[in-house]
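So the structure is just underneath, and the comments pick up after that.
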Amino acid sequence: MTDSTGSGDVAAFFDVDETLLACKSMLRFLEFFLKSQGEPTATYQRLTRELASRVHAGVPREKVNRAYYRLFADESAERLAELGRTWLAAEANLGGLLLPEPIADLARHRIGHTPVHLVSGSFFACLDPLAEALGVSGAHGTPVVIRRGRLTGEVTVPMIGRAKADKVRSLMSASSIPPRHCFAYADHASDLPMLQLVGHPVVVGDDPVLTAAAHDRGWRHLRGIPTPTAPAGDSHAPHTHDPR
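Quick note: to get this note's numbering, add 185 to the position in the sequence shown (first position is 1).
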């Protein structure tokens, strides 16, 4: 991987969950949040089963994303931000949080002074401390609605699918960066519109749609997380019910 142009003519855009992180940040943070509230593990299991049932019923990912954020209605934005910092530190202490190959690419972009942006369906509690830890230029997640310092439980537009592509397009346009010079990294089929925008798309993991696109179009392909094998309900294994 080489950033062949000057740093002002290139940018790199990374999805987060299962692209940079070896987990789904939203689900791991939800578990951490519920524990901080004194909730038993059964509460987390029930809520994630409800999210999973929506996915299995064919509910669009954007609606599942909205359902996730309703779980935080009336919570203090300041407290969630603090919990996010504590959560990330705890995850880092466990080890294995970051995926080596995508993180190596991110580090090379930073060494080359390339602006790096995180673009994710996750939200500020997870993304802001991660962006600070990785030293990236910006984090662009699902915008949650906050009134008088508290989350309403609603969001404007979930940062999923076309919304990610629109955000990447607007960031490139705002900096007058030619899309053909830019890099994008993602792990899920819904991220295909974002990958198609740039000159250097990179697929992470084994999503069949993206793997086929990488093979057919000559895109780079990096290793992601292993295929899930842990028992259902294990929050430290990949989940199929993906709200991000």
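We put the CB at the ideal spot given by N, CA and C, even for glycine.
From a predicted model like this one, the values you see are computed outputs, not experimental measurements.
Count the other CB atoms, across all protein chains shown, that sit within 10 Å of the CB of residue i; report buried if there are 16 or more and exposed otherwise.
i      : result
ALA359 : exposed
VAL330 : exposed
ARG347 : exposed
THR341 : exposed
ASP434 : Any answer about residue 434 is impossible in this case: the structure gives the chain only from 186 up to 429.
PRO225 : exposed
GLY418 : At GLY418, the pLDDT of 37 sits below 50, so the modelled position is not reliable; the number obtained from the coordinates is stated separately. Under this definition GLY418 is an exposed residue.
GLY191 : Reliability of the predicted coordinates at GLY191 is poor, the pLDDT of 48 falling under 50, and the value obtained from them is presented with this limitation in mind. Exposed, because fewer than 16 other Cβ atoms sit within 10 Å of the Cβ of GLY191.
ASP202 : buried
ALA369 : buried
GLY243 : exposed
ARG213 : buried
GLY326 : buried
Alpha carbons only, please: which of the options is nearest the one belonging to residue i?
i      : options                        : result
ALA398 : LEU279, ASP376, ILE410         : ASP376
ARG231 : ARG251, LEU215, VAL244, HIS294 : LEU215
PHE257 : HIS373, ALA310, ALA369, ALA348 : ALA310
MET211 : SER305, VAL389, ARG365, THR337 : SER305
ASP200 : LEU284, ARG365, LEU336, GLU339 : LEU284
VAL249 : PRO364, PRO343, PRO386, LYS349 : PRO343
ASP313 : ARG270, ARG246, ARG405, GLU235 : ARG270
GLU276 : TYR370, LEU236, CYS208, PHE368 : CYS208
ALA292 : LEU268, ASN278, GLY320, GLY281 : GLY320
ARG295 : ILE345, SER322, ALA242, ARG246 : SER322
ARG332 : GLU263, PRO378, ARG246         : GLU263
GLY297 : TRP404, GLU317, GLY193         : GLY193
How about residue i: is its C-beta nearer than 9 angstroms to some C-beta of chain C?
i      : result
GLU317 : This model lacks chain C altogether, as it is built from one protein chain only.
One question on the structure: do residue i and residue j come within less than 9 angstroms of each other, judged by their Cβ atoms?
i      : j      : result
PHE308 : TYR254 : yes
GLY338 : ASP372 : no
ILE362 : ALA252 : no
ALA324 : LEU356 : no
LEU206 : ASP290 : no
HIS400 : HIS385 : no
SER221 : GLY334 : no
ILE345 : ARG246 : yes
PRO328 : LYS349 : no
Could you tell me how far apart the beta carbons of residue i and residue j are, in whole angstroms, since I believe they sit closer than 8 angstroms?
i      : j      : result
ALA374 : VAL353 : Between VAL353 and ALA374 the Cβ distance is about 17 angstroms, and since that is not below 8 angstroms, they are no contact.
PRO287 : VAL389 : 5 angstroms
THR228 : LEU219 : 5 angstroms
LEU265 : LEU315 : About 14 angstroms separates the two Cβ atoms, so there is no contact after all.
PRO364 : LEU382 : 6 angstroms
LEU268 : PHE217 : 7 angstroms
Give the DSSP bridge partners of residue i, in chain order.
i      : result
GLY368 : One detail in the question is off: residue 368 reads as Phe in this sequence, not Gly. In DSSP, PHE368 forms a bridge with ALA197, HIS385.
VAL329 : VAL340
ASP202 : LEU206
ALA324 : LEU303
HIS406 : VAL388
GLU261 : Reading the sequence as shown, one finds Ser at residue 261 and not Glu. In DSSP, SER261 forms a bridge with ARG335.
LEU219 : Paired residue(s): none; LEU219 is not in a bridge.
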